[in-house]
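*Asks:* Below you will find the structure I want to go over with you.
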Amino acid sequence: MNSKILIIEDEKLNADRLRRLIGMVRPESTIVAVLDSVVETLDWLNQNPTPDFVMMDVRLSDGLSFEILEKATITCPIIFTTAYDEYAVKAFKYNSIDYLLKPVELEELLIAIEKVEKRLQTNAPQQSFDQLVDALKPKTYRNRFLIPFKDGYKAILTEEICYVYLEFKVTRARLVDGSEVVLPHTM
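Set out below in structure tokens:
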């Protein structure tokens with residue numbers, strides 16, 4: 022696919038690496054510009070047509086790229102590239118397709134570009150922010166319950182519980198040993 026790609030990256034070595042990798046996976050594509058700051062990017066976006074997609078670093082020389090997204094309307098897909106994974110959730114609030122950690126690897130970039138191309142070809146609607154956040158969150162489950170016991174609390178491991186049920190608005194657990202405990206938690 023002959024895409025027009027905008028690169029927003031303030032580190033020359035990383036920008037050159039992205040150019041080289043894009044040239045390897047999509048030699049027919051055109052890099053329309055390589056920009057290195059929030060201000061320069063806002064100016065460029067006001068004066069040029071929208072690219073097919075954007076490769077965007079999160080931290081730029083004069084601020085975070087989220088400032089660009091708050092001040093300009095970017096309707097094309099975005100692939101974020103950064104050395105910091107702490108911005109992943111915020112990135113998916115925008116038109117983000119992927120979030121690649123630096124140094125960007127060829128295979129990861131190829132997969133991300135294929136996602137962009139699929140989106141561009143099908144015009145598939147973007148998943149909702151809540152779905153993306155849920156997908157990023159590791160699934161965690163409770164491994165124990167604290168229940169009132171004598172003058173304190175007692176920990177009941179989840180492996181000790183056969184099943185949990187509700188009886189007269191009271192949550193109860195049947196344990197492996199045959200005993201029953203009241204759980205002070207709502208289910």
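Residue numbers for the sequence shown follow my numbering, beginning at 22 and rising by one. Note that beta-carbon positions come from the ideal geometry of N, C-alpha and C, so glycine has one too. Keep in mind the model is a prediction, meaning the values are calculated, not measured.
Please tell me whether D57 and E30 are closer than 8 Å, where the distance is taken between their beta carbons.
*Replies:* Closer than 8 Å, so yes.
*Asks:* So V75 packs on I99, CB below 8 Å; how close in whole Å?
*Replies:* With a Cβ gap of about 5 Å, V75 and I99 count as contacting.
*Asks:* Using C-beta distances below 7 Å, list every residue in its chain close to I182, excluding the 5 sequence neighbours before and after it, in chain order.
*Replies:* Excluding positions up to five away in sequence, the list reads A194, L196.
*Asks:* Quick one: give me the first and last residue of the beta strand (DSSP E) that K92 is part of.
*Replies:* First-last for K92: 87-92, but that is the alpha helix (DSSP H), not the beta strand (DSSP E).
*Asks:* Return helix, strand or coil for R38, following the three-state DSSP convention.
*Replies:* Three-state DSSP puts R38 in a helix.
*Asks:* Look at the Cβ atom of L130, then the Cβ atom of L121, and state whether they are nearer than 8 Å.
*Replies:* For L130 and L121, yes; Cβs fall inside 8 Å.
*Asks:* Below 8 Å on the Cβ atoms is my contact criterion, and I expect P72 with K139 to pass it. Report the Cβ-Cβ distance as a whole number of Å.
*Replies:* The pair is not a contact, with the Cβ atoms about 17 Å apart (cut-off 8 Å).
*Asks:* Is DSSP giving M77 helix, strand or coil here?
*Replies:* Correct three-state label for M77: strand.
*Asks:* Grab the span of the beta strand (DSSP E) containing P55 for me, first residue to last.
*Replies:* Pro is not the amino acid found at residue 55; the sequence shown has Val there. Looking at the DSSP string, the run of the beta strand (DSSP E) that includes V55 is 51-56.
*Asks:* Between which two residues does the beta strand (DSSP E) carrying R195 extend?
*Replies:* Per DSSP, R195 belongs to the beta strand (DSSP E) from 191-196.
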